[in-house]
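Reading through the structure tokens given below for one structure.
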Amino acid sequence: MPLSDDLAELPGFHGTSLALIGTASAPSWLSRRLESGEHPHTRAAFRAARETFIAGDRIDMGRLASGLGVDRTSLFRWVGNRDSLLSEVLWSLAVPTLSQADGVPAAPGAERVVAVLTSFAQNLISATYFRTFLRREPARALRLLTTDESEIQRRYVAVVEHLVRSELGEQPFGAAITPHDLAYLLVRISESHTYADLITGDEPSTERVRAAFAFVMRPA
């Protein structure tokens, strides 16, 4: 995944992008604090956690607090609990990846939907530090990334729904399915292939996920 060292440069926290649509669709207490710019301690803690994650290390709240020179109570007051912090770190890393995917050249319509979603999945499959996290904390990863209670999943569905509406209009495939339902289906396909090693024990495959997207999005 392409990364930015400065949170202020990340689309999804500032500027306009697919990721901004996702963040706006399911804002959290922590995302609002990061967006406001009024909480420098929160931003410093978030940046430190993000750097830890990118380095392939486990985000430990005790070690993070110690590194910032504060107690755990202060850290929790700044960023919430570990799941809240992890969710925002994961989404912040999806932000530049979504922006990159959005720029993939493709013909408009269904072909572009397939190209954008495949590019995003490919980056998730190939990001070493992300795969390290999945292997280290599989149950937590699936809960934070793929369940209905997940802010990340809700944001990703919103991003894909926006993409579907932009490329296929308000009545995809002659109104055979709503934009939201099609987006949810595509997200579940993405998850089942991107996290195949955790769900079924199969190796994640960009080619398989591309084929699945193309099959669903094929002309009637």
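All letters in the sequence shown, in the order written, are residues 1 to 220 by the UniProt record's numbering.
Note that the Cβ used here is the ideal one computed from N, Cα and C, for glycine as well.
Rounded to the nearest angstrom, what separates residue i and residue j at their Cα positions?
i	j	result
T23	A211	28 Å
L18	A183	14 Å
T97	G174	31 Å
residue 232	S126	Since the first and last residues shown for the chain are 1 and 220, residue 232 lies out of range.
residue 222	A49	Since the first and last residues shown for the chain are 1 and 220, residue 222 lies out of range.
V157	P105	22 Å
R165	T73	44 Å
R131	L198	10 Å
H14	H39	Confidence at H14 is low in this model, with a pLDDT of 44, below 50, so its placement is unreliable and no value can be given for it.
A65	T194	32 Å
G103	V116	8 Å
V204	S192	The question names Val, but residue 204 is Pro in the sequence shown. Taking the straight line joining both Cα atoms gives about 9 Å.
T118	L168	17 Å
P108	F120	17 Å
L86	D181	27 Å
F213	A94	19 Å
V216	N123	21 Å
A110	T206	18 Å
L163	A176	17 Å
G80	T200	32 Å
S32	A26	In the sequence on display, residue 32 carries Arg and not Ser. Answer to the nearest angstrom: the Cα atoms are 10 Å apart.
E9	P179	Only weak support is given to the placement of E9: the predicted model assigns it a pLDDT of 44, under 50, and the value that follows is read from those uncertain coordinates. If you take the alpha carbons of E9 and P179, they lie about 30 Å apart.
Nearest by alpha-carbon distance to residue i: which of the options is it?
i	options	result
P172	P219, T52 and S87	P219
I59	V89, E151 and A158	V89
L68	N81, R43 and F53	R43
L185	P204, Q153 and N81	Q153
F76	G169, H41 and P108	H41
R82	F213, A45 and E35	A45
L30	E167, E151, V114 and V160	E151
W91	T178, V70 and F53	F53
V209	Y129, M217, I189 and S84	I189
residue 228	D57, A101, V216 and A26	Not covered by the structure: residue 228. The range shown for the chain is 1 to 220.
R47	E149, L144, T147 and W78	W78
A196	S25, M61, A101 and A141	A141
In the DSSP assignment, the alpha helix (DSSP H) including residue i goes from what residue to what residue?
i	result
V113	A110 to S126
A26	Looking at the DSSP string, A26 is not in any alpha helix (DSSP H), and its letter there is neither H nor E.
R154	E151 to L168
T146	P138 to T146
P179	P179 to T194
V70	Neither: V70 is in no alpha helix (DSSP H) and is coded neither H nor E.
P172	P172 to A175
For a test of the three-state rule: what should DSSP assign to residue i, helix, strand or coil?
i	result
T42	helix
V104	coil
L20	helix
R50	helix
residue 259	Absent from the model: residue 259. The displayed extent of the chain is 1 to 220, so no value can be given.
I59	coil
D197	helix
P96	helix
S205	coil
M1	Bear in mind that a pLDDT of 38 at M1, under 50, signals an unreliable position, so the model cannot answer this.
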